[in-house]
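Chemist: Everything in the first sequence is counted per our numbering, starting at 136 for the first residue and increasing by one. If you scroll down you'll find the structure; I have some questions about it.
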Amino acid sequence: MNEDAQKLNALLDFDLLKKLVVGIGEVSEITGIPTRKIRYWEEKGAIQSETNTEGSTRRYNYLNVKKMLLIQEMIEEGFTLDAAIKKVEKRMVTLNEAFRKLADTVPDTEDNE
DNA sequence: GTTCTCACA
DNA sequence: TGTGAGAA
């Protein structure tokens, strides 16, 4: 329809992605990364898992999964884990800010049909 | 199914 | 850097 609707849809999609959380087993199956590797990376500070209520069983959201994929590819390209983490973090921050601006900016409600 | 730690390559 | 095994 109009731009507002598109922006709303984008926000909903982003929110949905942020709510997509899966267990470490699912992540390992999806990404092909063994669970030990995932915990290892988390220990190294590559990702932050969200413990769901009162215990263990880390849960990873879309952003964490994306981070893992990015880091894995970077490592395979010859980067060290630490360097990969830094680069991925920077990329995530940049993307986050860009999307936040894009979502926050509420320009004119022009009727362009 | 998940978590952790110790140790090894 | 990544994995194995044992234990909870």
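Yeah, the Cβ is synthetic: ideal placement off N, Cα and C, and Gly gets one too.
#1: In terms of residue numbering, what span does the beta strand (DSSP E) encompassing asparagine 231 cover?
#2: In the DSSP assignment, find the unbroken alpha helix (DSSP H) run with glycine 158 in it and report its ends.
#3: Would you kindly work out how many angstroms separate the C-alpha atoms of glycine 158 and serine 184, rounded to a whole number?
#4: Could you check where the beta strand (DSSP E) with asparagine 196 kicks off and where it finishes?
#5: Return the CA-CA distance between asparagine 247 and lysine 236, expressed in angstroms with no decimal places.
#6: Report the three-state DSSP secondary structure of leucine 212 (helix, strand or coil).
#7: Identify the continuous alpha helix (DSSP H) that holds isoleucine 173 and give its terminal residues.
Modeler: Reading it off the structure:
#1: Mapped onto the first sequence, residue 231 falls at position 96. Element bounds for asparagine 231: not the beta strand (DSSP E) but the alpha helix (DSSP H), 216 to 239.
#2: Looking up residue 158 in the first sequence gives position 23. In the DSSP annotation of this structure, glycine 158 is not part of any alpha helix (DSSP H); the continuous beta strand (DSSP E) holding it starts and ends at 156 to 158.
#3: Stepping through the first sequence from its first residue, residue 158 is reached at position 23. Stepping through the first sequence from its first residue, residue 184 is reached at position 49. Straight-line Cα distance between these residues: approximately 10 Å.
#4: Here the question's residue 196 lines up with position 61 in the first sequence. Taken as a continuous stretch (DSSP letters only), the beta strand (DSSP E) holding asparagine 196 covers 193 to 196.
#5: As a position in the first sequence, residue 247 is number 112, starting the count at 1. As a position in the first sequence, residue 236 is number 101, starting the count at 1. Note on asparagine 247: pLDDT 48, under 50, position unreliable in the model; the coordinate value appears next. Cα-Cα distance, rounded: 22 Å.
#6: Counted from its first residue, the first sequence places residue 212 at position 77. It should be noted that the sequence gives glutamate, not leucine, for residue 212. Looking at glutamate 212 - three-state DSSP - the assignment turns out to be coil, as it is neither helix nor strand.
#7: In the first sequence, the residue the question calls residue 173 occupies position 38. From DSSP, the alpha helix (DSSP H) with isoleucine 173 extends over 170 to 179.
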